[in-house]
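K.L.:
In our numbering, the protein residues as written are 323 to 808. All C-beta atoms, glycine included, are put in the ideal place defined by N, C-alpha and C.
#1: Can you give, in chain order, each stretch of the alpha helix (DSSP H) that sits fully within the stretch 624 to 673 and has at least 4 residues?
#2: For residue 498, which of 533, 678, 464, 447 has the nearest alpha-carbon?
#3: Is the separation between the beta-carbon of residue 459 and that of residue 444 shorter than 8 Å?
#4: Kindly list the residues whose CB is nearer than 7 Å to the CB of residue 641, restricted to its own chain and excluding five residues on each side of it in sequence; keep chain order.
#5: Assuming residue 744 is part of the alpha helix (DSSP H), what are its boundary residues?
#6: For the beta strand (DSSP E) containing residue 784, list its first residue and its last residue.
#7: Can you list, in chain order, the residues of its chain whose CB lies under 8 Å from that of residue 517, leaving out five sequence neighbours each side?
#8: Might you give, ordered along the chain, the residues of its own chain that have their beta carbon closer than 7 Å to the beta carbon of residue 372, omitting 5 neighbours on each side?
#9: With a CB to CB cut of under 7 Å and the five nearest residues on each side skipped, what residues in its chain are close to residue 484?
#10: Entirely within the stretch 375 to 448 and at least 4 residues each: give me those alpha helix (DSSP H) ranges in chain order.
#11: Counting C-beta neighbours from all protein chains within 10 Å, is the total for residue 596 16 or more, i.e. buried, or is it exposed?
#12: Which value, in whole angstroms, describes the spacing of the CA atoms of residue 327 and residue 447?
#13: For a minimum of 4 consecutive residues, which ranges assigned as the alpha helix (DSSP H) are wholly contained in the stretch 549 to 577?
#14: Can you tell me where the alpha helix (DSSP H) with residue 344 in it begins and where it stops?
#15: State the Cα-Cα distance for the pair residue 353 and residue 575, rounded to the nearest angstrom.
#16: CA-CA distance, residue 408 and residue 358?
#17: If you drop the 5 nearest sequence neighbours on each side, which residues of the same chain put their C-beta closer than 7 Å to that of residue 265?
#18: Under 8 Å by Cβ, that's how I've got residue 604 and residue 471 pegged, so tell me the actual separation to the nearest angstrom.
#19: Assuming residue 512 and residue 494 are in contact, meaning their beta carbons sit under 8 Å apart, how far apart are those beta carbons, in whole angstroms?
#20: DSSP three-state label for residue 329, please.
#21: Sorted by chain position, which residues of the same chain lie with C-beta nearer than 6 Å to residue 740's C-beta, five sequence neighbours on each side aside?
#22: Which runs of the alpha helix (DSSP H), 4 residues or longer, sit entirely within the stretch 483 to 527?
#23: With a threshold of 6 Å on Cβ separation, who are the neighbours of residue 727 within its own chain once the five nearest residues in sequence on each side are excluded?
#24: In chain order, what residues of the same chain have a beta carbon less than 8 Å from the beta carbon of residue 790, not counting five sequence neighbours either side?
#25: What would DSSP say about residue 579, mapped onto helix, strand or coil?
#26: Could you check which residue in 398, 451, 464, 503 has the C-alpha nearest to that of residue 809?
#27: Rounded to whole angstroms, what is the Cα-Cα separation between residue 429 and residue 421?
#28: Put residue 769 into one of helix, strand or coil per three-state DSSP.
#29: In chain order, what residues of the same chain have a beta carbon less than 7 Å from the beta carbon of residue 733, not counting five sequence neighbours either side?
#30: Rounded C-beta distance between residue 756 and residue 431? I'm assuming under 8 Å.
#31: Hey, how far is the Cα of residue 625 from the Cα of residue 707?
#32: What residue from 403, 563, 729, 630 has the CA that sits closest to residue 342's CA?
#33: Excluding the five sequence neighbours on either side, which residues of its own chain have a C-beta within less than 6 Å of the C-beta of residue 612, listed in chain order?
#34: Identify which residue in 567, 503, 509, 389 has its Cα closest to the Cα of residue 368.
#35: If you follow the alpha helix (DSSP H) that residue 708 is in, where does it begin and where does it stop?
#36: Measuring only the C-alpha atoms, how far is residue 621 from residue 398?
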């Protein structure tokens, strides 16, 4: 699977390396430009890759995003000047943005609903695997006295793209994409493969297949198209887009991007200026965030999406205010306890973000978008995510230079507003198939098939995959079991 960590080079690691910053003679402006260029590329991918994913299929879209990323990695590793490096980072951004878009759509549509949390959550959880590899490898190459200190990590980031290219031919296409194309037999085959080890007669398989086909037929009959205009055409589409793009904004404006890209500057402000110590802290931080993100993904299976978002938003707001306060008090002092207390606050903040928003970033958006707007909606999500990310990564270096600890306080005040929005506007999607989420947002389900949980519990049975196949509901009391055809 092509993922954001298929190019795992975290710019935190390069930004700490003197061999990298000295080679390109980076100033505050060019440092921000090099770091934020990947956001520009990802935003560009969002403008057109939703249409590619709808037209050619989810799996081919993933394949070509991985190919583009692998080519761009070679260009970055061979960069001779800042222009070549920037061009490579923009192309990498296009590739990773495209893979995130197509990958999240593919996983949401292909995995059984009980596995969506883990499949989509891990998609971004493993960002920290990339960050850990990046931090570890750059720590090992930091002592090199040549440009290979940053060229080796740059080249190795293409490894996972190559793995994706090799694995994708063995993966099935999205059953929902196949059904929309009228390739129903293939769609049924994939549903059977992913839900019941290939058993096409399994009641859960029959119910899920019928639910997919009937819902897609309803969307077509209602005049819903795969156009970008459809994302804002109806009240339902607009609500879905607000929900999905809210994740894009919160995922980038919670303060996490300061830590993700400018940890070195944060540590400088906190009083830790040694580059080796900063690299060590970067490694530990990525391990911490990976563990917390995985724990958070597990917690979502129990707490649900909305409750997890509220908890994560509340905690990170508190800890970001704490980072600001401790940076003000201890940032220019020689108080070792205070300095490392500030580092601890940074860890708590980033852990709070990783606990909820890391897995939710790719889990919630494709769930709330129905089929007709899922790919293009994720394209809009990608544009918004990266446009906001671009703004943040360009602005924060100047903010940290100009007002230091006040940057965190301003960001914390914004986080309060995000917390209130999630608390009052979000809907819960846990425990439902993608088609059943329609009932939460639209007020009605667009299929006559009973909910999958009823089939799993034996309350209802679907006897045939055909549209006119019978559906039976079992009505139970303490002594008898009656079966009624509906």
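P.N.:
Working from what's here:
#1: Note on the stretch 624 to 673: whole alpha helix (DSSP H) runs with a minimum of 4 residues are 627 to 652, in chain order.
#2: Position 176 of the chain shown, counted from the start, is the residue given in the question as residue 498. It is 533.
#3: Taking the first residue of the chain shown as 1, we reach residue 459 at position 137. Taking the first residue of the chain shown as 1, we reach residue 444 at position 122. Not a contact, by the Cβ cut-off of 8 Å.
#4: Residue mapping note: residue 641 aligns to position 319 of the chain shown, counting from 1. If we look at residue 641 and ignore the five residues flanking it on each side, its Cβ neighbours are 667, 670, 671, 674.
#5: Sequence index remark: in the chain shown, residue 744 carries index 422 (1-based). It spans 728 to 747 - the alpha helix (DSSP H) in which residue 744 sits, taken as one unbroken run.
#6: The sequence position of residue 784 within the chain shown is 462, counting from 1. It spans 782 to 784 - the beta strand (DSSP E) in which residue 784 sits, taken as one unbroken run.
#7: Position 195 of the chain shown, counted from the start, is the residue given in the question as residue 517. Excluding sequence neighbours, residue 517 sits near 434, 524, 526, 527, 530.
#8: The residue you call residue 372 lines up with position 50 of the chain shown. The residues are 423, 697, 698, 700, 701.
#9: Within the chain shown, numbered from 1, the residue matching residue 484 stands at position 162. Excluding positions up to five away in sequence, the list reads 392.
#10: 380 to 399, 404 to 432, 438 to 447
#11: Here residue 596 refers to the residue found at position 274 when the chain shown is read from its first residue. By the neighbour-count criterion, in which 16 or more other beta carbons inside 10 Å mark a residue as buried, residue 596 falls on the exposed side.
#12: Counting from one through the chain shown, the residue named residue 327 turns up at place 5. Counting from one through the chain shown, the residue named residue 447 turns up at place 125. Legend: pLDDT at residue 327 = 44, less than 50; position of this residue unreliable, value from coordinates given subsequently. C-alpha separation (whole angstroms): 9 Å.
#13: Listed in chain order, they are 552 to 555, 557 to 575.
#14: Along the chain shown, one-based indexing puts residue 344 at 22. Counting along the chain, the alpha helix (DSSP H) containing residue 344 begins and ends at 340 to 345.
#15: In the chain shown, the residue the question calls residue 353 occupies position 31. In the chain shown, the residue the question calls residue 575 occupies position 253. The straight-line gap from Cα to Cα measures roughly 20 Å.
#16: Position 86 of the chain shown, counted from the start, is the residue given in the question as residue 408. Position 36 of the chain shown, counted from the start, is the residue given in the question as residue 358. Approximately 9 Å between the Cα atoms of the pair.
#17: Outside the modelled stretch of the chain, which goes from 323 to 808, sits residue 265, for which no answer is possible.
#18: Taking the chain shown and counting its residues from 1, the one referred to as residue 604 is at position 282. Taking the chain shown and counting its residues from 1, the one referred to as residue 471 is at position 149. Between residue 471 and residue 604 the Cβ distance is about 15 Å, and since that is not below 8 Å, they are no contact.
#19: Looking up residue 512 in the chain shown gives position 190. Looking up residue 494 in the chain shown gives position 172. Contact between residue 512 and residue 494 holds: their C-beta atoms lie close to 5 Å from each other, under 8 Å.
#20: As a position in the chain shown, residue 329 is number 7, starting the count at 1. With a pLDDT of only 49 at residue 329, under the threshold of 50, the placement of this residue in the model should not be trusted; the figure read from the coordinates follows. Note: residue 329 maps to helix in three-state DSSP.
#21: Numbered from 1 along the chain shown, position 418 holds the residue referred to as residue 740. For residue 740, where only same-chain residues beyond five positions count, the Cβ hits under 6 Å are 572, 635.
#22: Counting whole runs of 4 or more residues, the stretch 483 to 527 contains the alpha helix (DSSP H) stretches 497 to 502, 506 to 518.
#23: Taking the chain shown and counting its residues from 1, one reaches residue 727 at position 405. Residues of the same chain with a CB within less than 6 Å of the CB of residue 727, apart from the 5 flanking positions on each side, are 646, 649, 650 in chain order.
#24: As a first step, residue 790 is located in the chain shown; it is residue number 468 there, counting from the start. The predicted position of residue 790 is uncertain, since its pLDDT is 48 and thus under 50; a value taken from the coordinates is nonetheless stated next. The same chain holds no residue with a CB closer than 8 Å to that of residue 790 once the five nearest residues on each side in sequence are set aside.
#25: Residue 579 sits at position 257 when you count from the first residue of the chain shown. Helix.
#26: The structure shown does not extend to residue 809, since the chain is modelled only from 323 through 808, so no value can be given for it.
#27: The residue labelled residue 429 in the question sits at position 107 within the chain shown. The residue labelled residue 421 in the question sits at position 99 within the chain shown. Cα to Cα, residue 429 sits roughly 12 Å from residue 421.
#28: To locate residue 769, count along the chain shown from 1; it is residue 447. Residue 769: coil per DSSP, three-state reduction.
#29: Translated into the one-based positions of the chain shown, residue 733 becomes position 411. Cβ neighbours of residue 733 beyond the five flanking positions: 577, 642.
#30: Residue numbering aside, residue 756 sits at position 434 when the chain shown is read from its first letter. Residue numbering aside, residue 431 sits at position 109 when the chain shown is read from its first letter. About 7 Å separates the beta carbons of residue 756 and residue 431, which is inside the 8 Å limit, making them a contact pair.
#31: For the purposes of this step, residue 625 is taken as the residue at position 303 of the chain shown. For the purposes of this step, residue 707 is taken as the residue at position 385 of the chain shown. When rounded, the distance between both Cα atoms is 25 Å.
#32: Here residue 342 corresponds to residue number 20 of the chain shown, with the count starting at 1. Of 403, 563, 729, 630, the residue nearest in Cα terms is 403.
#33: Position 290 of the chain shown, counted from the start, is the residue given in the question as residue 612. Counting only Cβ-Cβ distances below 6 Å, and skipping sequence neighbours, we find 450.
#34: The count along the chain shown starts at 1 and reaches residue 368 at position 46. Of the candidates 567, 503, 509, 389, the one whose C-alpha sits nearest the C-alpha of residue 368 is 567.
#35: Looking up residue 708 in the chain shown gives position 386. Element bounds for residue 708: 693 to 725.
#36: Within the chain shown, the letter at position 299 stands for residue 621. Within the chain shown, the letter at position 76 stands for residue 398. The straight-line gap from Cα to Cα measures roughly 38 Å.
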